[in-house]
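If you count the sequence shown from 1, position 243 lands on 243 in my numbering, and the numbers rise without skipping. The structure under discussion appears below in the form of structure tokens.
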Amino acid sequence: MEQVTEQVVSRQGAAGRRVVVLLGAGGTLGSALARTFAAEPGTDLVLADVSEAALAATVEGIEGGDAKPETAVADVSDLAQVEAVVRLAVERFGRLDVLISNAGVLAQNGRIHNLTTADWDRSFRVNVLGAVNAIHAAVGPMRKQGSGSIILTASVAGMTAWSHSAPYCVTKAGVIHLAKVAAVEYARDGIRVNAVCPGTFLSGMHTELPQNAIDAIAAKHPLGLGAADDLVGAYSYLASDASRWTTGSAIVVDGGYAAP
Numbered sequence: 001m002e003q004v005t006e007q008v009v010s011r012q013g014a015a016g017r018r019v020v021v022l023l024g025a026g027g028t029l030g031s032a033l034a035r036t037f038a039a040e041p042g043t044d045l046v047l048a049d050v051s052e053a054a055l056a057a058t059v060e061g062i063e064g065g066d067a068k069p070e071t072a073v074a075d076v077s078d079l080a081q082v083e084a085v086v087r088l089a090v091e092r093f094g095r096l097d098v099l100i101s102n103a104g105v106l107a108q109n110g111r112i113h114n115l116t117t118a119d120w121d122r123s124f125r126v127n128v129l130g131a132v133n134a135i136h137a138a139v140g141p142m143r144k145q146g147s148g149s150i151i152l153t154a155s156v157a158g159m160t161a162w163s164h165s166a167p168y169c170v171t172k173a174g175v176i177h178l179a180k181v182a183a184v185e186y187a188r189d190g191i192r193v194n195a196v197c198p199g200t201f202l203s204g205m206h207t208e209l210p211q212n213a214i215d216a217i218a219a220k221h222p223l224g225l226g227a228a229d230d231l232v233g234a235y236s237y238l239a240s241d242a243s244r245w246t247t248g249s250a251i252v253v254d255g256g257y258a259a260p
């Protein structure tokens with residue numbers, strides 16, 4: 001046990017810098033995470049997203065930081081593309097300290113008997129296989145250096161039941177359990193694996209909803225609807241040495257949604 005702890009404490013490179021790869025850097029949460037990590041001193045950042053336009057918007061929103069982030073367009077459901085992103089990070093910066101798997105899809109598909117194989121396939125390929133590919137690609141360099149933190153974005157939907165959203169609920173439950181299994185498998189390599197489970201937070205998709213719909217969603221959260229910036233602290237914690245004894249956890253950040 002002491003040996004594992006020593007490995008986890010020494011997570012940064014010789015120059016004291018930390019290398020972070022963020023998959024799913026586009027969108028509301030992805031861009032908030034990118035801004036947060038780019039602003040942290042001593043952090044080298046690699047951003048990836050399936051949408052080149054969303055990726056460009058995220059980079060445009062980053063101010064300051066030690067260095068301009070590296071970027072790559074990648075589909076997380078394709079292992080070769082995820083491996084290419086990790087390879088970019090290692091070749092450019094020499095190591096990989098943190099990998100955040102944040103890519104995901106949410107669709108209200110209807111009741112289970114109305115779902116098609118395609119409905120399930122897309123959710124599994126992005127939400128579950130994407131997280132599997134992230135772990136697969138990250139553990140190589142992390143095992144070599146004897147340390148690393150992998151953070152998977154899950155959801156409170158993986159702990160509760162949302163009507164008409166079976167593929168999302170089921171796949172996010174899978175992500176939570178994947179984090180637990182990977183945490184057990186790679187603890188002896190000095191690698192920690194955890195999940196963050198957001199509740200509903202204000203994002204671009206809410207701009208098209210009527211106010212009464214937004215109010216109804218907010219009413220289910222004792223603290224009201226949050227924003228992406230309310231979530232980033234959990235990721236910062238899991239990426240830091242403050243969480244060196246935290247692995248296999250699913251950290252819920254949901255304004256109290258799952259409490260009742």
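Every residue, glycine too, gets a C-beta built ideally from N, C-alpha and C. Computed from a prediction, not measured in an experiment: that's the story for all the values here.
Rounded straight-line distance, which links the Cα of residue j to that of residue i
i, j, result
"Lys-220", "Leu-29", "21 Å"
"Phe-201", "Ala-227", "5 Å"
"Val-262", "Ala-259", "Residue coverage of the chain in this structure runs from 1 to 260, which leaves residue 262 outside it and unanswerable."
"Gly-158", "Ala-195", "11 Å"
"Gly-82", "Ser-240", "Correcting the residue identity first, residue 82 is Val in this sequence and not Gly. Distance between the alpha carbons of Val-82 and Ser-240: 23 Å."
"Ile-112", "Ser-163", "9 Å"
"Gln-3", "Gly-146", "With a pLDDT of 38 at Gln-3, under the threshold of 50, the modelled position of that residue is not reliable, and the figure given next carries that caveat. Rounded to whole angstroms, Gln-3 to Gly-146 spans 10 Å at the Cα level."
"Val-170", "Val-73", "27 Å"
"Gly-16", "Asn-212", "50 Å"
"Thr-5", "Ile-135", "Because the pLDDT at Thr-5 is just 36, under 50, the model does not fix this residue reliably, and the point stays unresolved."
"Ala-250", "Ala-131", "14 Å"
"Glu-40", "Ala-242", "15 Å"
"Val-253", "Pro-198", "5 Å"
"Ala-25", "Arg-35", "10 Å"
"Ala-137", "Glu-60", "27 Å"
"Ser-10", "Trp-245", "Low confidence applies to Ser-10: its pLDDT is 42, below 50, so where it sits in the model is not reliable, and the reading given next is rough at best. About 13 Å."
"Gly-27", "Ser-236", "18 Å"
"Ala-118", "Asp-230", "33 Å"
"Ala-48", "Asp-215", "33 Å"
"Leu-79", "Ala-54", "21 Å"
"Lys-68", "Gly-104", "25 Å"
"Ser-165", "Glu-52", "27 Å"
"Phe-93", "Ala-56", "21 Å"
Residues bridged to residue i [DSSP beta-bridge criterion]
i, result
"Val-196", "Thr-153, Ile-251"
"Leu-18", "Just to set this straight, residue 18 is Arg in the shown sequence, not Leu. For Arg-18, which the question treats as bridged, DSSP gives the partners Thr-43."
"Ile-112", "DSSP output for Ile-112 lists no bridge partner at all."
"Ser-236", "None, per the DSSP bridge assignment."
"Glu-70", "Val-46"
"Val-98", "Val-20, Ser-149"
"Leu-202", "Ala-227"
"Ile-191", "Gly-148"
Distance CB(residue i)-CB(residue j) smaller than 7 Å
i, j, result
"Val-128", "Gly-174", "yes"
"Leu-238", "Ile-151", "yes"
"Leu-22", "Ile-100", "yes"
"Lys-180", "Ser-155", "no"
"Ser-286", "Val-85", "With the chain represented from 1 up to 260, any question about residue 286 goes unanswered, as that position is not in the structure."
"Ile-62", "Ala-32", "no"
"Arg-18", "Thr-43", "yes"
"Asn-114", "Pro-167", "no"
"Val-50", "Glu-70", "no"
"Asn-133", "Val-76", "yes"
"Gly-256", "Leu-223", "yes"
"Ala-234", "Leu-225", "no"
"Asn-102", "Thr-153", "yes"
Residue i CB to nearest heavy atom of the ligand ZN below 6 Å
i, result
"Leu-115", "This structure simply doesn't include the ligand ZN, nor any ligand for that matter."
Report the residue ranges of all alpha helix (DSSP H) runs contained in full by the stretch 117-184; include only those spanning at least 4 residues, in chain order.
-> 117-123, 130-145
Stretch pair the stretch 172-192 + the stretch 137-146: three plus CB contacts closer than 8 Å = yes
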